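Residue numbers (my numbering): 47 to 211.
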């Protein structure tokens, strides 16, 4: 009984400490103490129960600061979430995920590979990843690989008009 009580008490203290880190991070953001907020959010990401919230807040903070870049662990956290399609769709054009249509960074290409390999990803997102990869090859002056990706999309190639739209 003592062990059970001690376990429950320590777990509740641990969860309060994690929640306080998240609240403290927001307090630091409100005070414009962004360095402290980043440190606190990185602590929040260490707990699997709060990791995705911490990563998303860190992502938006970095975006606000003009530092859209890779965030270690963000993609892993998103891909392990049951609602990953929603997160991927909403963060698609953020630089920490894919950014605008352009030549991609290695971490962005790795993300595209994960989208292509995961069978639980929505088909529209899979096709969009092929489009982004084709655009990457266009911006890289690699027409051959761009053409291969265009063909994989399966879009209409020969159009005919039947009547007014």
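Don't be surprised by glycine CBs; every beta carbon is placed ideally from N, CA and C.
Predicted model only: the values in this text are computed from it and were never measured.
Contact between residue 97 and residue 123 holds: their C-beta atoms lie close to 5 Å from each other, under 8 Å. Residue 178 holds the alpha-carbon nearest to the alpha-carbon of residue 147 among 178, 168 and 125. In this structure the region 155-166 touches the region 116-134; the number of beta carbon pairs closer than 8 Å is three or more. For residue 115, there is no enclosing alpha helix (DSSP H), as DSSP gives it neither H nor E. Under the three-state reduction of DSSP output, residue 98 falls in the helix class. Residue 210 sits in coil when the DSSP states are folded into three classes, being neither helix nor strand.
Straight-line measurement puts the Cα of residue 149 at about 35 Å from the Cα of residue 95. Listed in chain order, the non-local C-beta contacts of residue 195 below 7 Å within the same chain comprise 176, 179, 180 and 183, local neighbours out to five positions each way being set aside. Burial state of residue 128 is exposed, judged by a 10 Å Cβ sphere holding fewer than 16 other Cβ atoms.
Judged by DSSP secondary structure, residue 159 falls within the alpha helix (DSSP H) whose first and last residues are 152-163.
The Cβ neighbour count for residue 130, taken over all protein chains shown within 10 Å, is at least 16; the residue is labelled buried. Spanning the alpha carbons of residue 191 and residue 198 requires a straight line of approximately 11 Å.
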